[in-house]
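Engineer: Protein chains in written order, with my numbering: chain A, 541 to 744; chain B, 541 to 744. Don't be surprised by glycine CBs; every beta carbon is placed ideally from N, CA and C.
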DNA sequence: GACAGGCACGAACGGTCGTACTATTATGCG
DNA sequence: CGCATAATAGTACGACCGTTCGTGCCTGTC
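(1) Less than 8 Å between the C-beta atoms of residue 670 of chain B and residue 608 of chain B, yes or no?
(2) Verify the CB distance criterion: does residue 575 of chain B have a CB-CB separation below 8 Å to chain A?
(3) What in chain B is Cβ-close to residue 735 of chain A, meaning under 8 Å?
(4) Residues of chain B with a CB under 8 Å from the CB of residue 732 of chain A: which are they?
(5) Can you name, in chain order, every residue of its own chain whose Cβ lies under 8 Å from the Cβ of residue 573 of chain A, other than the five neighbours on each side?
(6) For a contact meaning CB atoms closer than 8 Å, what does residue 708 of chain B contact in chain A?
(7) Could you please give the first and the last residue of the uninterrupted alpha helix (DSSP H) stretch that includes residue 630 of chain A?
(8) Answer yes or no: does any C-beta atom of chain B fall closer than 8 Å to that of residue 572 of chain A?
(9) Who are the neighbours of residue 569 of chain A on chain B, taking C-beta pairs under 8 Å?
(10) Measure the C-alpha to C-alpha separation of residue 626 of chain B and residue 743 of chain B and round it to an integer number of angstroms.
(11) Measuring only the C-alpha atoms, how far is residue 654 of chain A from residue 711 of chain B?
(12) Using a threshold of 8 Å, state whether the C-beta atoms of residue 630 of chain A and residue 688 of chain A are closer than that.
(13) Drop a sphere of 10 angstroms on the beta-carbon of residue 586 of chain B, count the other beta-carbons inside from all chains shown, and report buried for 16 or more, exposed for fewer.
(14) Please check if any C-beta of chain A sits within less than 8 Å of the C-beta of residue 609 of chain B.
(15) For residue 653 of chain B, does the three-state DSSP call read helix, strand or coil?
(16) For residue 638 of chain B, which residues from the same chain have a beta carbon less than 7 Å from its beta carbon, with the 5 sequence-adjacent residues on both sides left out?
(17) Measure the C-alpha to C-alpha separation of residue 621 of chain B and residue 556 of chain A and round it to an integer number of angstroms.
(18) Of all the options B/673, B/595, B/724, B/706, which has the alpha carbon lying nearest to the alpha carbon of residue 685 of chain B?
(19) Within 8 Å (strictly less), CB to CB, does residue 674 of chain B reach chain A?
(20) Can you confirm whether the region 598-613 of chain B touches the region 660-669 of chain B when touching is taken to mean that 3 or more C-beta pairs between the two stretches lie within less than 8 Å?
(21) Do you know whose CA, among B/649, B/673, B/650, B/619, lies nearest residue 720 of chain A's CA?
(22) Note the first and the last residue of the continuous alpha helix (DSSP H) segment covering residue 589 of chain B.
(23) Consider the Cβ of residue 671 of chain A: report whether some Cβ of chain B lies at a distance smaller than 8 Å.
(24) With a cut-off of 8 Å, does the C-beta of residue 656 of chain A fall near any C-beta of chain B?
(25) Compare the beta carbon distance of residue 536 of chain B and residue 593 of chain B with 8 Å and say whether it is the shorter of the two.
(26) One question on the structure: do residue 733 of chain B and residue 709 of chain A come within less than 8 Å of each other, judged by their Cβ atoms?
(27) Of all the CB atoms in chain B, is at least one closer than 8 Å to the CB of residue 729 of chain A?
(28) For residue 558 of chain A, which residues in the same chain have their Cβ closer than 7 Å to its Cβ, ignoring the five residues on either side in sequence?
(29) Straight-line CA distance for residue 601 of chain A to residue 561 of chain A?
Right, dumping it as structure tokens:
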């Protein structure tokens, strides 16, 4: 009926709701916690009814990871593209990144962070998907850094991958410290670390 | 019999073996994967025989976390104390830290890293233990940084907690990048990031 | 009004989970 | 040695796991 969702059949809508719940749960308790039963209860479906939307539990997990990545792209990466290329865009990306879990109502923190740790050393489709995402992220982050070099805001000769590596470090320690330091304090520290990091690479 | 383990009864020995296996498994698949059955098979005990060593699964998990922390202290922190206080000790600590999983034959990476992500947002004894460990680590790391300020190797007025925060970030991104970049490349990048970080705070 | 498809349901399966209980074996001390 | 006790095995339980299967409700089409 609604013009924006012309092709959304009933089934697709239900599937989307399931995946939304799945991402939320994965954020809090990890992708391994995505059991058919618990998700069925959460969404008000029967186990078999929910199961029918995916061929297997593994497919469900992969779909949930894809959905999480989609949300990340949509809410973190794409909005940053509105900022002018260079440092401003890099800063916007960083800000979107560390505020994403709160904005997206993912109380358990970044689900992709969770997935990475869960499947890093666990061969299978989930690990493959996780590594792909990680490499993609690295590449996009490096590109964003490169643009800041091109604009002259970062020193020429700067290794974009090196900067991307360190930025990811700041994001990870932010996520980790949020609980022990509190969000406000962790945010403050993360911004300071980010600023000092960039300052290192700015031309004098 | 052995003079070093005078008071080690049979049961304590078995318990130690169980915990060693548990830490190894937790490193690879997380503490939530520590099931009675799988550990019993791993150690050649029966389910009930293994279970008798701990009152519950939760106790087993907590004991495994304690054991992992003990190993970390023993193999990462204490050896660094042999280095003279200041930058040398800080560097030794960092080096021990990022090489620990390999040296300790923990193919799944740092088990405490795993535990932190698993229980960050999951109230209960495991989370309490994890947060305690994290705060303890922060404190010890900050102290080590402070010593490098005292020796004049880092600039006076440096905030030790700020430096500790960033160092932890480098360690985390190292762990994460090990798989996608390979250990050699990740180690190289981590060392570079660590050096540049310290350089920021060295008196000119 | 008959029919077809998409969707969800309930019941049941073999399996593993954590955890009680009881029984059996191993150990270490006098 | 003999015996108390510690250590392990055996068995059974209810709960939940992922999955399969048969069934019925809706909705839209001829």
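Structural biologist: Taking the structure as given:
(1) The answer is no: Cβ separation not under 8 Å.
(2) Output row for residue 575 of chain B: interface = no.
(3) Residues of chain B passing the Cβ test: none, with the nearest at roughly 11 Å.
(4) Here the neighbours are 702.
(5) Within the same chain, 565, 566 come within 8 Å of residue 573 of chain A by CB-CB distance, once the 5 residues on both sides are set aside.
(6) Listed by position along chain A, the residues whose Cβ is nearer than 8 Å to that of residue 708 of chain B are 713, 716, 717.
(7) The continuous alpha helix (DSSP H) containing residue 630 of chain A extends over residues 627-643.
(8) Yes, contact with chain B.
(9) Contacts between residue 569 of chain A and chain B, judged by CB atoms closer than 8 Å, involve 661, 662 in chain order.
(10) Near 14 Å, if we compare the C-alpha coordinates of residue 743 of chain B and residue 626 of chain B.
(11) So the two alpha carbons sit approximately 17 Å from each other.
(12) In contact: residue 630 of chain A and residue 688 of chain A (Cβ atoms closer than 8 Å).
(13) Under the 10 Å beta carbon count, residue 586 of chain B is surrounded by fewer than 16 other beta carbons and is classified as exposed.
(14) Taking a beta-carbon distance threshold of 8 Å, residue 609 of chain B does not count as an interface residue toward chain A.
(15) Residue state, collapsed to three classes: helix.
(16) Cβ neighbours of residue 638 of chain B beyond the five flanking positions: 711, 714, 727, 730.
(17) Answer to the nearest angstrom: the Cα atoms are 54 Å apart.
(18) It is B/706 whose Cα lies nearest to the Cα of residue 685 of chain B.
(19) Look at residue 674 of chain B: its C-beta is under 8 Å from a C-beta on chain A.
(20) Yes: at least three Cβ pairs fall under 8 Å.
(21) In terms of Cα proximity to residue 720 of chain A, the closest of B/649, B/673, B/650, B/619 is B/673.
(22) According to the DSSP assignment, residue 589 of chain B belongs to the alpha helix (DSSP H) that extends over 587-591.
(23) Any Cβ of chain B closer than 8 Å to the Cβ of residue 671 of chain A would place that residue at the interface, and such an atom is present.
(24) It does: the Cβ of residue 656 of chain A has a partner Cβ on chain B nearer than 8 Å.
(25) The requested residue 536 of chain B does not occur in the structure, where chain B is confined to residues 541 to 744.
(26) Going by C-beta atoms, residue 733 of chain B is nearer than 8 Å to residue 709 of chain A.
(27) Put simply, the CB of residue 729 of chain A is near chain B, with a gap under 8 Å to one of its CB atoms.
(28) Its chain contains 579, 583, 590, 593 as the residues whose beta carbon lies nearer than 7 Å to that of residue 558 of chain A, once the 5 sequence neighbours on both sides are disregarded; these appear in chain order.
(29) Cα to Cα, residue 601 of chain A sits roughly 12 Å from residue 561 of chain A.
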